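Q: This is the structure I want to talk about, given as C-alpha cells.
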Amino acid sequence: MMFITRFAPSPTGPLHLGHAYSAMLAHDMARAARGRFLVRIDDLDQSRARPEWEAQCLEDLAWLGLDWPRPVLHQSSRLPRYRDALAQLWQMGLLYACTCTRSDIRAAVSAPQEGAALHGADGLVYPGTCRPATPPTGALPGDAALRLDMARALAGLDGPLTFLEKGCPITANPLAASLGDVVIASRAMGASYHLSVILDDADQNVSDVIRGEDLLEATPIHALLQRLLHLPTPRYHHHRLIRDTEGKRLAKRDDARAIATYRADGASPIDIRRMVGL
Ligand code: GLU
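The sequence shown begins at 35 in this note's numbering and counts up one residue at a time.
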C-alpha cells in the first residue's frame, strides 16, 4: 500500500508554527516513505472560511518548500458525499435529530442530580435529552443537527474497535463510549468535522494521518465512523504540539507566530524548521 498523507488546514486564519510543524513532518514522512503528500482545504465552515486565508496558507506552504498535487480538494465541494453517508447512518438507525442549544446542554449537565459534568472531544458530553428510545424512522431530516447514538453504534459492532497509533494498537471502545453522542451533522455546516474528515481521508486513499495530539481524543470517533461505513482505518500518528513560551498551545489568533510574520521579518524556511525542532 502506498504511503499517502495529507495536511488539511481550515482557511480561517494564518498558519502558525504549529501548522508548519505538522505540514513539514507529514511532508518529510511521505518523502522518506516514497509516498505522497496532499493538501486539502477544510472549508466546511463557510461562515469562517475566507479565500484570502486559503491563498495565504497555500503560499506559506509553498514557501516552506512543500509540494503537493493540484488541484487541492475542498470540503465545500463535497456536501453531497457527506449527505449520502449521513443517509446511510440514518438508515442504520444510529442518528437522531437534536434541538438542544449549548445552554440547554450546560443547564442539563449542571442539574444537581447529574454530578460533575463530563467533557469529551466535542466539549460537554451530551446528556441524551433528545435521544429516542427506539431509532427514528422516516426520511433523513433536511435541516437538523444530528447526533450519533454512541451506545447503539458500539453495541452493533462485531469485534473490538481498534486503530493504530504510532504502530501500537489501541482498543477504542471505552474511549469512544466516554465521548457520548457526538454531533455528526450541524444545521450550519451539514456534516461535522468527524464525518467529513473520515470520508475525505477514505476517498483520497490516505494511508497515514499525521496531525496534532489534540485530535487523538477524537480518533475513536473517526475509527467508529470508518467501521460503520465500511471504510478502511488509516494509521494514525499524533504529534506533539508546538507551544508558546508560557506552554500554551498556539492558536490561529496568535498572529505573532504566524508564518507570514516570520517571513516578513526575514526568516528562512530553514529557520522555521529549526524553531519547531525538525
Ligand atoms: N482542519 C483540521 C484542523 O486544522 C484538520 C484536522 C485533521 O488533520 O484531521 O484541525
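In this text, a Cβ means the ideal position worked out from N, Cα and C, and glycines have one as well.
Please read these numbers as outputs of a predicted model, since none were measured by experiment.
Under the rule that 16 or more other beta-carbon atoms within 10 Å means buried, what is SER81, buried or exposed?
A: For the purposes of this step, residue 81 is identified with residue 47 of the sequence shown, where counting begins at 1. Classification for SER81: exposed.
Q: Taking 6 angstroms as the cut-off, is the beta-carbon of VAL240 closer than that to any non-hydrogen atom of the ligand GLU?
A: Counting from one through the sequence shown, the residue named residue 240 turns up at place 206. No, the ligand GLU has no heavy atom inside 6 angstroms of this Cβ.
Q: Between which residues of its own chain and PRO254 is the CB-CB distance below 6 angstroms, once the five residues before and five after are set aside?
A: Taking the sequence shown and counting its residues from 1, the one referred to as residue 254 is at position 220. The residues are ALA206, LEU209 and ALA210.
Q: Taking 6 angstroms as the line, does the beta carbon of VAL159 fall inside it for any heavy atom of the ligand GLU?
A: Indexing the sequence shown from 1 puts residue 159 at position 125. Flag unset: Cβ of VAL159 not near the ligand GLU.
Q: Would you mind listing the alpha helix (DSSP H) stretches within the segment 44-86 that are 4+ residues and don't spill past its ends, in chain order?
A: Along the length of the segment 44-86, whole alpha helix (DSSP H) runs at least 4 residues long occupy 51-66, reported in chain order.
Q: Considering only residues of the same chain and omitting the five flanking positions on each side of ARG261, which have a CB-CB separation below 7 angstroms?
A: Taking the first residue of the sequence shown as 1, we reach residue 261 at position 227. Cβ neighbours of ARG261 beyond the five flanking positions: LEU191 and LEU195.
Q: Any beta carbon of chain B sitting closer than 7 angstroms to that of LEU49?
A: The structure shown has no chain B; it contains just one protein chain.
Q: Is the beta carbon of ALA64 within less than 6 angstroms of some heavy atom of the ligand GLU?
A: Counting from 1 along the sequence shown, the entry for residue 64 is found at position 30. No, the ligand GLU has no heavy atom inside 6 angstroms of this Cβ.
Q: Given a threshold of 16 other Cβ atoms within 10 Å of its Cβ, counted over all protein chains shown, does ILE232 qualify as buried or as exposed?
A: By one-based count along the sequence shown, residue 232 stands at place 198. When all chains shown are included, ILE232 counts as buried.
Q: Just to confirm, is the Cβ distance from GLU247 to ALA155 under 7 angstroms?
A: Locating residue 247 in the sequence shown gives position 213, counting from the first residue. Locating residue 155 in the sequence shown gives position 121, counting from the first residue. Cβ atoms of GLU247 and ALA155: not closer than 7 angstroms.
Q: Count the CB pairs spanning the segment 83-102 and the segment 235-244 that are closer than 8 angstroms, and state whether there are at least three.
A: no
Q: Any heavy atom of the ligand GLU closer than 6 angstroms to the beta-carbon of ARG245?
A: If you number the sequence shown from 1, residue 245 lands on position 211. ARG245: yes, Cβ under 6 angstroms from the ligand GLU.
Q: Please report how far the alpha carbon of GLN147 lies from the alpha carbon of ALA141, in whole angstroms.
A: Locating residue 147 in the sequence shown gives position 113, counting from the first residue. Locating residue 141 in the sequence shown gives position 107, counting from the first residue. Rounded to whole angstroms, GLN147 to ALA141 spans 12 angstroms at the Cα level.
Q: Going straight from the alpha carbon of ARG291 to that of THR171, what length do you get?
A: Within the sequence shown, numbered from 1, the residue matching residue 291 stands at position 257. Within the sequence shown, numbered from 1, the residue matching residue 171 stands at position 137. Rounded to the nearest angstrom, the two C-alpha atoms are 50 angstroms apart.
Q: Which value, in whole angstroms, describes the spacing of the CA atoms of PRO175 and ALA131?
A: Start at 1 with the first residue of the sequence shown, and residue 175 comes out as number 141. Start at 1 with the first residue of the sequence shown, and residue 131 comes out as number 97. Roughly 8 angstroms between the two C-alpha positions.
Q: Whose C-alpha, out of SER230, PRO268, SER220 and CYS164, is nearest the C-alpha of PRO31?
A: Because the chain spans 35 through 312 in this model, residue 31 falls outside it and cannot be assessed.
Q: Please classify ASP242 as buried or exposed, where buried requires at least 16 other C-beta atoms within 10 Å of its C-beta.
A: In the sequence shown, the residue the question calls residue 242 occupies position 208. Sixteen is the threshold: when 16 or more other Cβ atoms of the shown chains lie within 10 Å of the Cβ of ASP242, as they do, the residue is buried.
Q: Can the beta-carbon of ILE75 be found less than 7 angstroms from the beta-carbon of VAL106?
A: For the purposes of this step, residue 75 is taken as the residue at position 41 of the sequence shown. For the purposes of this step, residue 106 is taken as the residue at position 72 of the sequence shown. Yes, the pair counts as a contact, with Cβ atoms nearer than the cut-off.
Q: Going along the chain, which residues of its own chain have a beta-carbon closer than 8 angstroms to the beta-carbon of ARG115, five neighbours each way excluded?
A: Sequence index remark: in the sequence shown, residue 115 carries index 81 (1-based). So the list reads LEU233 and ASP237, once near-sequence residues are dropped.
Q: Taking the beta strand (DSSP E) that PRO203 belongs to, which residues open and close that run?
A: By 1-based counting over the sequence shown, the position of residue 203 is 169. From DSSP, the beta strand (DSSP E) with PRO203 extends over 202-205.
Q: As a quick exercise: from ALA219, ALA57 and GLY193, pick the residue whose alpha carbon is nearest that of THR133.
A: Locating residue 133 in the sequence shown gives position 99, counting from the first residue. Of ALA219, ALA57 and GLY193, the residue nearest in Cα terms is ALA219.
Q: With three or more beta-carbon pairs closer than 8 angstroms as the criterion, would you say the segment 275-289 touches the segment 46-53?
A: yes
Q: Where does THR39 land, buried or exposed, given buried means 16+ other C-beta within 10 angstroms?
A: The sequence position of residue 39 within the sequence shown is 5, counting from 1. THR39 is buried by the Cβ-count criterion.
Q: Rounded to the nearest angstrom, how far is the Cβ of ILE244 from that of LEU59, given a contact under 8 angstroms?
A: For the purposes of this step, residue 244 is identified with residue 210 of the sequence shown, where counting begins at 1. For the purposes of this step, residue 59 is identified with residue 25 of the sequence shown, where counting begins at 1. Contact holds; Cβ gap of about 6 angstroms.
Q: Please report the Cβ distance between GLU88 and ASP101, rounded to the nearest whole angstrom; I am assuming they are in contact, meaning their Cβ atoms lie under 8 angstroms.
A: Here the question's residue 88 lines up with position 54 in the sequence shown. Here the question's residue 101 lines up with position 67 in the sequence shown. GLU88 to ASP101, Cβ: 17 angstroms. No contact.
Q: Enumerate in chain order the residues of its own chain whose CB-to-CB distance from ASP177 is below 7 angstroms, with the five nearest sequence positions on each side excluded.
A: What you label residue 177 is simply residue 143 of the sequence shown in a count that begins at 1. Contacts found: ARG221.
Q: What did DSSP end up calling GLU88 once you bin it into helix, strand or coil?
A: Residue numbering aside, residue 88 sits at position 54 when the sequence shown is read from its first letter. Reduced to three states, the DSSP call for GLU88 is helix.
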